[in-house]
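Below is one structure, written out as structure tokens; comments come after it.
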Amino acid sequence: MIARNATVVVLASLLAATGTALPAQAKPAGPNSSTPTTTAEAQHSLRAPVTDENFYFVMADRFANGTTANDDGGLGPDPMVSGFDPTKKGFYNGGDLKGLLDKLDYIEGLGTTSIWLTPSFKNKAVQPADNSAGYHGYWITDFTQIDPHLGSNDDLKALIDEAHSRGMKVYFDIITNHTADVIGYKDATRMPYVSKDEVPYRTADGVPFDDRDVAGSEDFPELDAETSFPYAPVLEEGEETLKVPAWLNDPTLYHNRGDTTFAGEDSYYGDFFGLDDLFTEHPRVVDGMKEIYQTWIADFGVDGFRIDTMKHVDDGFWQEFGPDVLKFAHDQGKDEFFMFGEVFDTTKDFTSQYTTRNSMQAVLDFPFQEAARSFASRGADAQQLEQFFIGDDWYTDADSNAYSLPTFLGNHDMGRIGGFVAADNPDAGEGELLARDELAHELMYFSRGNPVIYYGDEQGFTGPGGDQDARQTLFASQVSDYLDDDLLGTEATHAEDNFNPEHPLYKTIGSLAEVTEEHPALRNGAHQHRYASEGAGIYAFSRIDTERQREYVVALNNSEEAQTAEIPTYMPSRTFKSIYGEGEDRVKSARNGTITITVPPLAAVVYEASGRIPASKTAPAVRLTQPTPAEGDNGRMLVEAAVDGSSFYEVSFEARTDGGEWTPIGTDDNAPYRVFHDVAALDPGTPLEYRAVVLDNKGHTAGSGVVNAEAPAPIVTLQAPAENAWVRDAVKLSAVADPEKATNVVSFERSVNGGDWEQIGTDSSSPAYTLTDDIAALDLPDNTQLQYRAVLGESVSNVRTVIIGDPVVVQPNAVSVPGSLNSEMGCPGDWDPACDQAQMTLGDDGLWRLTVDLPAGGYEYKVAINKSWDENYGVGGGPNGSNLALAHDGGSVTFTYDHRTHIITAE
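Residues in the sequence shown are numbered consecutively from 314, following the numbering used here.
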């Protein structure tokens, strides 16, 4: 087993009790130290308890069928009642917890240290509106028991106990955002979203209020199901008490605003394809969710949680849920309890907000998935990967950093790495596809973070896409769509069991786990950027064992030819021994510390240096540059230190406001040395002071001077209307603020033909600020130019210009509706913009239409122009925008597209 780091993860409130104070040899060096007593306290870069896990992510229904007795969940033979149909990918296929227990040897053989289960609570077996079953676990009705299709609570306890006896942990995938689709509305089961500005929430006494103003507080008002919501929630007869715990049956504890489009305000408040969206701003919901998951910790010894749909829940919920659940786990003796959230986004300035501002321990590293696929599968410029890792500083604060992030290559929503490799390289042979797949895994195991293997990837599973197409069974399948899949590295098919420990990917992953267990610095050592080719080629980095002062060099080559590079290290005139890959057995560094390494095509090599990194004789000088608001997140200050010298250093940063106490804000162990200090809660203009201290590898320290800054004013951005849009009658305005605060009040202004600006209204309802300008009342002639802007305090937004009148529209040659509904239309596959059955017809009124019959279900789609993805539109008519959602009751549906606005509707 890999040795566990004993440091306890702590959030800001616990930092003083269990910080990362230096060991004795790393304290200031006494009389000869260059560090005055008033300088910042030197710290080592944080290593939380979970930086050395190897996760195996498994969907219990699709892994192994330990007993057929629970296949139908005790609900009988009708698939539309029980949800069990092993011939359909959208229904239960028969896997269960006993099957997992029986196959623990197979899982352990991969070097797995933690098993992560998809949600396993009791689900609504079938949601007829979706023509699908709850095999995936995301339609929960009872949060207190295991889904009968998967077994019982006793089966779970047996699995956890056996895993623990083998030194493995068990993680639960949990949901706080929604429950199964039980609540309907008086008008219809599912309805389009209604914004808070259009219909505000009302107290039980009928008084309008903004929930963000009272979120999580005792002042949250009483609500009435009949009058407080835009849609009056109703429960079907017999389902009034379906949910457990009982508080979940109160319809006033849900948002009740209709279906989300996954953009803007409704991404927080809307129902996911009809799933009942919990009112997470309500204190009863916050307390109830804490109670549910604390019980699973106390009664079953669960070791951690992966948290679903984190970005669709308000920040205030996480700021209470995370610290309270973590403290509870620690009180139960779970010192290594670990939570990480799903924030489906590839920008670090956004995903990192959940570990900094929102007090969570970690998030799934979606940016890594994109970077790893680009490097290993698409042959991207190696310098892109270097820039990716430099961006890790976004995650650094006093109690978390990028070393804890779970990294992955594919999952049950996006699709599999094998499928991505095959899609990205359609003309490649089997050997190249396998090599690219292995290269992606090598990057994941040797770089920072906790690697996650998605079940089946170790057997070369592929699949044509995400969701159901990436949820094949490891046991013999009866699903025709799965039987068509090609598997990498084997002649096997999905018609047979695939638990082959001799599969080349299984063996590669096992060897990666073995070498990182033998050399723990490859899991949690300091990650140092070393070399990146221009174009496809070598990306190299070091991992530093800070206790033993040993250096490892990792070099990966994503080109199809062998590549040679001179790679800098901290070790002059030393021998480096190969410990992984097909490189030379030994190489020796030059006097300047560089080593020359040749890396085979689509491969990785790892070398370990002999001896310790030379000891630094004195700490280098350190100075702070002027802190500035961070580009990408105006609620954080970029604080950067320039360090002289060329050895291994760690730089700790501290801040204080208005002459208060100095507070640690993070320690960085690789250049550029910087942190992104979260100041979103401060008032604009609040005085800030920063200082830093550098620690060398011999324990010497040196401090910087103090630099002053101010908390920035918010930035307001006008997002709608579209620039140079043609308008009639009314103009819809929308703005966002950074940082977002419930106290923000945004005003909107209009100028006619370049005249004076005139305020036309205000909005204080966060998180989206909207207004509709009734221009019909102005009685302005065609071709009049209108300009709009938003104002928040001293901040004035960008300007958007529109023109009154009807545009001259140049219609495209073709318009189609690609989406997850294409196969139901008769297309060969989904998301096909060239499919004949998905093509629309242009009418005399200038609108494009397509009428098709679709089975009941939830679908996603977009608009594509001229049978290609080169020009496409999504939510709100945005180019390359988010997918649109369609909750369909079955039967005929007509899609209508207006090329003037790029907006498509479905009725």
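No residue lacks a Cβ here, since even glycine has one placed at the ideal position from N, Cα and C.
Q: Give, in chain order, every unbroken run of the beta strand (DSSP E) that is at least 3 residues long and sits entirely within the segment 616-650.
A: 617-620
(Q) For a minimum of 4 consecutive residues, which ranges assigned as the alpha helix (DSSP H) are wholly contained in the segment 1066-1114? (A) none
Q: Answer yes or no: does any C-beta atom of chain B fall closer than 7 Å to that of valine 495?
A: Here there is only one protein chain, and chain B is not present.
Q: State buried or exposed for alanine 1177, treating a residue as buried only when at least 16 other CB atoms are found within 10 Å of its CB.
A: buried
Q: Could you pull out every unbroken beta strand (DSSP E) segment of at least 3 residues lying fully inside the segment 705-730, listed in chain order?
A: 719-721
Q. Unbroken beta strand (DSSP E) runs of length 3 or more, entirely within the segment 407-468: which are they?
A. 427-430, 434-436 and 453-459
**Q.** Segments of 3+ residues assigned as beta strand (DSSP E) that fall wholly inside the segment 983-1027
**A.** 986-991, 1000-1008, 1014-1016 and 1020-1023
Q | aspartate 1051, enclosing alpha helix (DSSP H) - first and last residue | A | Run containing aspartate 1051: none in the alpha helix (DSSP H); it sits in the beta strand (DSSP E), 1043-1051.
Q) So the alpha helix (DSSP H) leucine 818 belongs to, where does it begin and stop? A) 817-831
Q.
Below 8 Å on the Cβ atoms is my contact criterion, and I expect isoleucine 1117 with asparagine 1135 to pass it. Report the Cβ-Cβ distance as a whole number of Å.
A. Going by Cβ atoms, the distance from isoleucine 1117 to asparagine 1135 rounds to 39 Å, so no, they are not a contact pair.
Q. Candidates Ser717, Pro1025 and Leu1031: which alpha carbon is nearest aspartate 946's?
A. Pro1025
Q. Which of the three DSSP states, helix, strand or coil, is assigned to threonine 911?
A. strand
Q. DSSP state of valine 698, grouped into three classes?
A. Here residue 698 turns out to be leucine, not valine, going by the sequence shown. The answer is helix: DSSP assigns leucine 698 an H, G or I state.
**Q.** C-beta atoms of proline 1034 and valine 1044 nearer than 7 Å
**A.** yes
Q) Which first and last residues belong to the alpha helix (DSSP H) in which glycine 601 is found? A) Here the alpha helix (DSSP H) through glycine 601 covers 596-613.
Q.
Does the structure place the segment 782-789 close enough to the segment 807-816 that three or more beta carbon pairs sit under 8 Å?
A. yes
Q. Quick one: Cα of glycine 403 to Cα of alanine 442, how far?
A. 13 Å
Q | Whether arginine 749 touches leucine 915 by CB criterion (7 Å) | A | yes
(Q) Which of the three DSSP states is assigned to glutamine 338 in this structure? (A) Because the pLDDT at glutamine 338 is just 28, under 50, the model does not fix this residue reliably, and the point stays unresolved.
**Q.** Residue from Lys1180, Glu1184 and Gly1171 with nearest C-alpha to alanine 1219
**A.** The candidate whose alpha carbon is nearest that of alanine 1219 is Gly1171.
Q: For leucine 1163, count neighbouring C-beta atoms within 10 Å of its own C-beta (all shown protein chains included) and say buried if the count is 16 or more, exposed if not.
A: Under the 10 Å beta carbon count, leucine 1163 is surrounded by 16 or more other beta carbons and is classified as buried.
Q. Sorted by chain position, which residues of the same chain lie with C-beta nearer than 7 Å to serine 855's C-beta, five sequence neighbours on each side aside?
A. Gln841, Arg843, Glu864, Tyr865, Val866 and Thr882
**Q.** Inter-residue Cα distance where the pair is alanine 1147 and valine 1128
**A.** 9 Å
Q) Which term fits glycine 343, buried or exposed, when burial requires 16 or more other beta carbons within 10 angstroms of its beta carbon? A) Legend: pLDDT at glycine 343 = 33, less than 50; position of this residue unreliable, value from coordinates given subsequently. Glycine 343 comes out exposed.
Q) Under a three-way DSSP split, which group does aspartate 946 fall into? A) strand
Q: Give me the Cα-Cα distance between arginine 360 and serine 717, rounded to the nearest whole angstrom.
A: When rounded, the distance between both Cα atoms is 8 Å.
**Q.** Of the listed residues Ala922, Ala984 and Glu1062, nearest to serine 1110 (C-alpha basis)
**A.** Glu1062
Q | Assigned secondary structure, arginine 863 (DSSP; H/G/I helix, E/B strand, else coil) | A | strand
Q. Taking DSSP as the reference, what is the three-state secondary structure of lysine 556?
A. coil
Q: Taking alanine 1275 as the reference, give the member of Phe774, Phe702 and Leu1199 with the closest Cα.
A: Only positions 314 to 1220 of the chain appear in the structure, and residue 1275 is not among them; the question remains open.
(Q) Checking the sheet assignment: what are the DSSP bridge partners for glycine 979? (A) For glycine 979, which the question treats as bridged, DSSP gives the partners Phe966.
**Q.** aspartate 365 burial status per 10 Å Cβ neighbour count (16 or more: buried)
**A.** buried
**Q.** Contact set for threonine 554: own chain, Cβ-Cβ below 8 Å, skip 5 residues either direction
**A.** Asn562
Q | Reduced DSSP secondary structure (H/G/I, E/B, other) of isoleucine 1216 | A | strand
Q | Residue(s) in a DSSP beta bridge with glycine 654 | A | Beta-bridge partners assigned by DSSP to glycine 654: Ile620 and Val676.
Q: Indicate the three-state DSSP secondary structure (helix, strand or coil) for asparagine 1222 in the structure shown.
A: For the chain, the structure presents residues 314 to 1220; residue 1222 sits outside this window and is missing.
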